[in-house]
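In what follows, a structure is listed as structure tokens, so that the remarks can point back to it.
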Amino acid sequence: MPNFDAGVPCPKTGQPLLPAIAQDATTGRVLMLAWMNREAWNETISGNRAVYFSRSRGKLWRKGDTSGHAQVVREIRVDCDADTILLSVEQTGAACHENYESCFFRRVDPDGTTHITEERIA
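Residue numbers (numbering that gives the first Met the number 0): 0 to 121.
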């Protein structure tokens, strides 16, 4: 069980949030980093679908409700301090709101030059 008492306060609501990393269940690729509160955690556990907490909107974000790009949760892990959540997911469509497979589509070189390393998903 994650330790939400160790969470970072949400700027809008003050409730504790923990970082949640979504990772492709097949490839192991990191897809995105989001945040969970207790309610998002409970809904994710009970429904096998990734649910996060939107810091900007101050409410639950059920991944895929708007975009159709849902995440089916295959495995959940919690780190050694119980303050970070790792979701192994089957991603439908793009994980990134900019329509990339992963939110980590930019590579930064040692000189600071940034490159986009993948194509958008149509």
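Glycine included, C-beta positions come from ideal geometry on N, C-alpha and C.
Which class does residue i belong to by DSSP, given the choice of helix, strand or coil?
i	result
Asp4	helix
Arg73	strand
Arg105	strand
Ser55	coil
Glu89	strand
Ala81	coil
In the DSSP assignment, find the unbroken alpha helix (DSSP H) run with residue i in it and report its ends.
i	result
Ala43	The amino acid occupying residue 43 in the given sequence is Thr; Ala does not appear at that position. Where Thr43 is concerned, the enclosing alpha helix (DSSP H) stretches over 37-46.
Near residue i, which residues of its chain fall below 7 Å by C-beta distance, leaving aside the five closest residues on each side in sequence?
i	result
Ala93	His68, Tyr99, Glu100, Ile120
Arg73	Ala24, Ser87, Val88, Glu89
Tell me whether the beta-carbon of residue i lies closer than 7 Å to the beta-carbon of residue j.
i	j	result
Leu17	Ile84	yes
Phe103	Val29	yes
Glu89	Val71	yes
Ala24	Ser87	yes
Gly106	Thr116	With the sequence shown as reference, residue 106 is identified as Arg, and Gly is not the correct amino acid for it. Yes, Cβ-Cβ distance for Arg106 and Thr116 is below 7 Å.
Kindly indicate the opening and closing residues of the beta strand (DSSP E) around residue i.
i	result
Ala21	15-23
Thr113	113-115
Arg61	58-61
Report all residues from its chain with a CB closer than 6 Å to the CB of residue i; omit the five preceding and five following residues, and keep chain order.
i	result
Met31	Ala21, Ala94, Cys102
Pro15	Phe3, Gly6
Thr113	Arg105, Val107
Against chain C, does residue i count as a neighbour if the rule is that its beta carbon must be under 7 Å from one of theirs?
i	result
Arg119	Structure shown: chain C not included; a single protein chain is present.
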